[in-house]
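Notes to accompany the following structure.
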Amino acid sequence: MAIKIYNTMSRKLEEFIPGGEPKEQITDYPPVTIYSCGPTVYSFAHIGNFRTFIFNDLLRRYLKFRGYSVDHAMNITDVDDKTIKGALAEGITLKEYTDKYTKIFFEDLKKLNIEPVEHNPRATESIEEMIDIIKKIDEKGIMYNSEGSLYFDISKFPQYGRLSNLDKREIKAGARYDADEYNKEDVRDFALWKAPKENEPFWETPYGPGRPGWHIECSAMIRKIFGKTIDIHTGGVDLIFPHHENEIAQSEAAYGEKFVRYWLHVEHLLVDGAKMSKSAGNFYTLRDLLNMGYSPRPIRYLLISAHYRKQLNFTLEGIKHSEQALERIDNLIVRLRDIKKEEHNFNECDNLIAKLYFDFTEAMDNDLNISGALGVFFEFVSKVNTLISEEKLSKNDAEKIIAAINKLDSVFGFINFESEEDVDAERIEALVQERIQAKKDKNFKRADEIRDMLKEEGIILEDTKDGTRWKRKK
RNA sequence: GGCGCUGUACCCAAGUGGUAAGGGAGAGGUCUGCAAAACCUUUAUUCAGCGGUUCGAAUCCGCUCGGCGCCUCCA
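Written out as structure tokens, the structure is:
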């Protein structure tokens, strides 16, 4: 059984073979090389952006779950029109400006429980490698210089357009192909290197001073970090054209070898039925939502729970639904931890867990079908709840089940969330004890009073036959 | 105009040829001093619509209607 993923290049579901060479065992494969297009650090990322980054996270986590090791890079674009403009507007250096938003970006990633990746190259730290590629392209005569800017010559790269299927495209009447201020021979040619304008930062090169075009950094970083064909390249669907098409053109023209084996593209997050985007103004940042009182955990759940190739319509109601779903999982774990029974009289626990793994893997192997996998998981939750109600599980069974849930959570990343120690634990515990005594004394008025008081603080009490447990409402 | 994604219950969402997963919400029941949690039962003769292929289709084909995106910076 192998993982199947949808490759934008072939528009088909393909069996995933890292390195292009089938091996006997998963552990025989070299680390899976992944490159993900990261953010341009000119302002806060919005949660549409995070949908893609959470998908990247799901992908690498699942590969690891399946036994692959991963070598994953995500870039930080820290020089482009927007960052330059932003720095200028604030009267600080480009570096000061981009450092600020880079830091915020990584904080947000952490809040969403997105694993750090192995490499986070910055565009401004990869100039040398960009020039290397440009030299190669130059040697092959596939570029030209126009007013100090260097352009890739589409007409000399016949494969251009294979990824986006736009090679034979007709130009829509009125399309703004003349938007670029520079002189290009063909409207579809794109800048490898841009001549400096007034007040803009620039780097000295054998081709003269200037700054990178947008697409060159990804090609350069991939070469710098991986040095050869990579397995997976990810990004939002809006990057298929022109960004990824241009990356392919640059890298394959320069090095004459296949650039990427599998192209994975994440569909957009919609809000009110339209694409969430900065320019449209219809976006939420993570901070917006946190300020509204939502937690990162249900946000992660919501963004991860729909299949990545389907548009997902974001609503605040969706976050609430996610909170409820998570509560169901949390309640199960609380119940499992509460089991004290020592003797074993149930023999199906291992089978139940084995089936969980099998069905989960089957769903996820199919192009990372997380919704199917969640269905499998919640069926398991129901079964275990029933077993607990029937008092069939021992403490040992419960521990095995918790371990299995944690194993799946190495992929989900929304169950075990960092939670701070409860500073009020002692006080709450004392009140709980007082209430137990009140109940014994049939003083239900006082008992309810305590319960209501704690509820005000968001603390839920649950009476079980073994005593009272409490939890914070998430 | 070209290239894509998409339309499944009140909401979210799997299923891509074998007779509709799962979550939320709703209703009834069990348990409980009352709750909460959990469990049980229940909620789509039907998958935008209409044709076709097939023993059999939500799944394949055709047409129609609707939503979204890319073709310009964009995850």
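Quick note: the first sequence uses our numbering, first residue 1, plus one each step.
Quick reminder that beta carbons are idealized off the backbone N, C-alpha and C, glycines included.
What you are looking at is a predicted structure, and each value in this text was computed from that prediction instead of being measured.
Inset, instruction - Mark S164 as exposed unless 16 or more other C-beta atoms lie within 10 angstroms of its C-beta, in which case mark it buried. - result: For the purposes of this step, residue 164 is taken as residue 164 along the first sequence, with counting starting at 1. Under this definition S164 is a buried residue.
Inset, instruction - Excluding the 5 residues preceding and the 5 following L356 in the sequence, name in chain order all residues of the same chain whose CB lies nearer than 8 Å to its CB. - result: The residue labelled residue 356 in the question sits at position 356 within the first sequence. Exclusion of the five residues before and after L356 leaves V376, F377, F380, A404, L408 as the residues of its chain whose Cβ lies within less than 8 Å of its Cβ.
Inset, instruction - Please name the residue, chosen from F157, S126, P121, N120, that lies closest to E138 on a Cα-to-Cα basis. - result: As a working note, residue 138 is residue 138 in the first sequence. In the sequence on display, residue 138 carries Asp and not Glu. Selected option, being the one with the closest Cα: F157.
Inset, instruction - Figure out for me which residue from Y35, Y68, A249, G208 has the closest Cα to the Cα of N56. - result: On the first sequence, residue 56 is found 56 positions in, with the first residue counted as 1. The residue with the shortest Cα to Cα distance from N56 is Y35.
Legend entry - Collapsed DSSP secondary structure at I3 in the structure displayed: Here residue 3 refers to the residue found at position 3 when the first sequence is read from its first residue. Secondary structure at I3: coil, using DSSP grouped into helix, strand and coil.
Inset, instruction - Tell me whether R328 is buried or exposed, calling it buried when 16 or more other Cβ atoms sit within 10 Å of its Cβ. - result: On the first sequence, residue 328 is found 328 positions in, with the first residue counted as 1. Burial call: exposed.
Inset, instruction - Could you tell me the distance, in whole angstroms, from the CA atom of T285 to the CA atom of P31? - result: As a first step, residue 285 must be located in the first sequence, where it is residue number 285. As a first step, residue 31 must be located in the first sequence, where it is residue number 31. Approximately 33 Å between the Cα atoms of the pair.
Inset, instruction - Run through the stretch 210-258 for me and flag every whole beta strand (DSSP E) of 3 or more residues, listed as ranges in chain order. - result: Note on the stretch 210-258: whole beta strand (DSSP E) runs with a minimum of 3 residues are 230-236, in chain order.
Legend entry - Rounded separation between Y101 and A123 - CA only: Walking along the first sequence from the start, residue 101 turns up at place 101. Walking along the first sequence from the start, residue 123 turns up at place 123. Answer to the nearest angstrom: the Cα atoms are 14 Å apart.
Legend entry - For F314, the three-state DSSP class (helix, strand or coil): Sequence index remark: in the first sequence, residue 314 carries index 314 (1-based). Here F314 sits in strand by DSSP.
Inset, instruction - Please check the pair G413 and R300, which I expect to be a contact at CB under 8 Å, by giving their CB distance rounded to whole angstroms. - result: For the purposes of this step, residue 413 is taken as residue 413 along the first sequence, with counting starting at 1. For the purposes of this step, residue 300 is taken as residue 300 along the first sequence, with counting starting at 1. Sure, about 7 Å apart at Cβ, within 8 Å.
Legend entry - Residues bridged to V266 [DSSP beta-bridge criterion]: On the first sequence, position 266 is the one that residue 266 refers to. V266 is bridged to G236.
Legend entry - Validate contact between the stretch 360-372 and the stretch 52-68 using beta carbons, cut 8 Å, 3 pairs: Touching, yes.
Inset, instruction - Output the residue ranges of the beta strand (DSSP E) runs that lie fully inside the stretch 278-350 and measure 3 residues or longer, sorted by chain position. - result: For the stretch 278-350, whole beta strand (DSSP E) runs of length 3 or above, ordered along the chain, are 312-314.
Legend entry - Per-residue DSSP class, three states only, for E14: Locating residue 14 in the first sequence gives position 14, where the first residue counts as 1. E14: strand per DSSP, three-state reduction.
Inset, instruction - Could you spell out where the alpha helix (DSSP H) holding T52 opens and where it closes? - result: Walking along the first sequence from the start, residue 52 turns up at place 52. Counting along the chain, the alpha helix (DSSP H) containing T52 begins and ends at 47-65.
Legend entry - Helix, strand or coil at F380 according to DSSP, with G and I counted as helix: The count along the first sequence starts at 1 and reaches residue 380 at position 380. Here F380 sits in helix by DSSP.
Legend entry - Range of the contiguous beta strand (DSSP E) that encloses E462: Residue 462 sits at position 462 when you count from the first residue of the first sequence. From DSSP, the beta strand (DSSP E) with E462 extends over 459-464.
Inset, instruction - On the DSSP bridge assignment, give the partners of D365 in chain order. - result: As a first step, residue 365 must be located in the first sequence, where it is residue number 365. According to DSSP, D365 bridges with nothing at all.
Inset, instruction - Leaving out five residues on either side along the sequence, give the residues of the same chain with a beta carbon under 6 Å from the beta carbon of G318. - result: As a first step, residue 318 is located in the first sequence; it is residue number 318 there, counting from the start. Contacts found: L302.
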